[in-house]
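Shown next, in structure tokens, is the structure this report addresses.
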Amino acid sequence: MKVFMKIIFCAAVFLSIFTFGGCTARDGYGDKSLKIPAHSDVMVIENKNNGGNIFDIKGDRLIKEKTSGNNILDLAYNVQKSVYVYLVNEGGTEKNGSRIVILHRGVKSEIKDFFAAKDIKMSPGGDKIACRVYENSSLGSAQGMKVYGLESKKYIKLKSKVLVSGNLYQWLDDHRIIYYGSMEGKKNSDAIYLYDFNKDREQVYLSDMGGYCTYFAAAGSNLLILLQNGSESNLYYYNHKTGKFQFLSDEIGQIYVSAADSKNKCIFFIGKDEGNADSVYKFSQEEIEVSRITYDFPKDVSRYGGIVQGKNGKVYFAGTGGAENGQDVFMYDPSDGSVNIISDHEGIYNIYFGRN
């Protein structure tokens, strides 16, 4: 289960995030003006006891912003479209639930018709978000995946009876999303489904997988998919055009997060091996193989700190590199295979990518 030890954020501090660069726009809640952020395509948020810091990654360096980033639980954004969606705590503690704050076309709005939300995923064009929501503090109150239109400021009703499993959903493009789940009361309905918003229609994308899906990542229309069958976990590559599976590995027990490199046809991901070591891996579509990138450096990779690939092709993630318990931000350069620390102090970091 994804742990959200990310940063807590109160309303007064939240407004200050929008005051450092970009064009001025009208605040949807009054006469105050907002300034649309001018961030880089990779952002880092550091959690601190006395507040949080926001960094942009520029030139392989962390550039600290002047304002704090207190108490952000999750972030999804699109630099090109100037769309920012934040998940923030209510009352400074997760016990009080959370709300979603949106900055879209220079207007701030909120979604708070739930107790808590998790796992915000934005469509490539920045006009929709998918998330999962809870009715109260009980895990049993999960209401499954919801899709919200940022233009209409309304939920988009899906003609679906599928109960989506956890955070197993991903956008294929602006109008199609895929998700893993089953239909309540219907036997053998476990499958990956596709919903086409242009056609307002759901269809089966992949069924008969021979195991329970614990993770998938889209590589174009194809999938990197981790299946569990009893005590065994097997990683496969699924070619959607041919309908064939190709076995990759039986040594990866869990995958936490991933980042797709469409240009070079590969996927970077953070996974756990049989020895319970968390490492960064690379899957190559062209070679149809998985290779491990990190071993002893960093000593441990943060499962939930995120992994992103910037437009410069470099891959960023958090991990423990020194003798202390704190984390650093690391950069992997695919051009030479090097792994380097780019943060100048240890902390608790979460890394995000915004389409540019």
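According to mature numbering (1 follows the signal peptide of the UniProt record, and there is no 0), the sequence shown holds residues -25 to -1, 1 to 331 in order.
We put the beta carbon where it would ideally sit given N, CA and C, even for glycine.
Computed from a predicted model, the values in this text were never measured in an experiment.
Check                                                                                                                       : Outcome
Beta carbon of residue 102 nearer than 8 Å to that of residue 149                                                           : yes
When 287, 318, 302 and 295 are compared against residue 308, the one with the closest alpha-carbon                          : 287
Any 3 or more C-beta pairs closer than 8 Å across the segment 242 to 250 and the segment 169 to 181                         : no
Proximity winner among 206, 219, 205 and 207, relative to residue 199 (alpha-carbon distances)                              : 219
Simplified DSSP assignment, three categories, for residue 70                                                                : helix
Alpha-carbon to alpha-carbon, residue 28 and residue 277                                                                    : 18 Å
Alpha-carbon spacing of residue 305 relative to residue 109, whole angstroms                                                : 34 Å
Through-space distance from residue 157 to residue 163, alpha-carbon basis                                                  : 8 Å
Residue 293 Cβ short of 7 Å to the ligand SAM heavy atom set                                                                : Annotation note on the ligand SAM: not contained in the displayed structure, which lists no ligands.
Expected contact under 8 Å - CB spacing of residue 224 and residue 265 to nearest Å                                         : 5 Å
C-beta contact flag for residue 322 and residue 14 at 8 Å                                                                   : no
For residue 280, the three-state DSSP class (helix, strand or coil)                                                         : coil
For residue 15, the three-state DSSP class (helix, strand or coil)                                                          : coil
Cβ shell of residue 130 (< 8 Å), same chain only, five flanking positions each side left out                                : 121, 122, 123 and 124
Residue 208 to residue 249 span [Cα, whole Å]                                                                               : 10 Å
Residue 313, DSSP secondary structure in three states                                                                       : strand
Host beta strand (DSSP E) of residue 224 (start-end)                                                                        : 219 to 224
Three-state class that DSSP yields for residue 228 in the structure shown                                                   : strand
Residue 53 burial status per 10 Å Cβ neighbour count (16 or more: buried)                                                   : buried
Spatially closest choice to residue 253 from 292, 238 and 284, by CA coordinates                                            : 292
Rounded C-alpha distance that separates residue 240 from residue 87                                                         : 38 Å
C-alpha gap between residue 8 and residue 85, whole angstroms                                                               : Unreliable placement is indicated for residue 8, whose pLDDT of 46 sits below 50; the coordinate value is still reported in the next sentence. Approximately 17 Å between the Cα atoms of the pair.
Cα-Cα separation between residue 206 and residue 312, rounded to whole angstroms                                            : 34 Å
Residue of 257, 273 and 261 minimising C-alpha distance to residue 267                                                      : 257
Residues of its chain near residue 50, where Cβ-Cβ distance is below 6 Å and the 5 sequence neighbours each way are ignored : 61 and 327
Exposure label - residue 79; buried when at least 16 CB within 10 Å                                                         : buried
Run of the beta strand (DSSP E) containing residue 117, from where it starts to where it stops                              : 117 to 124
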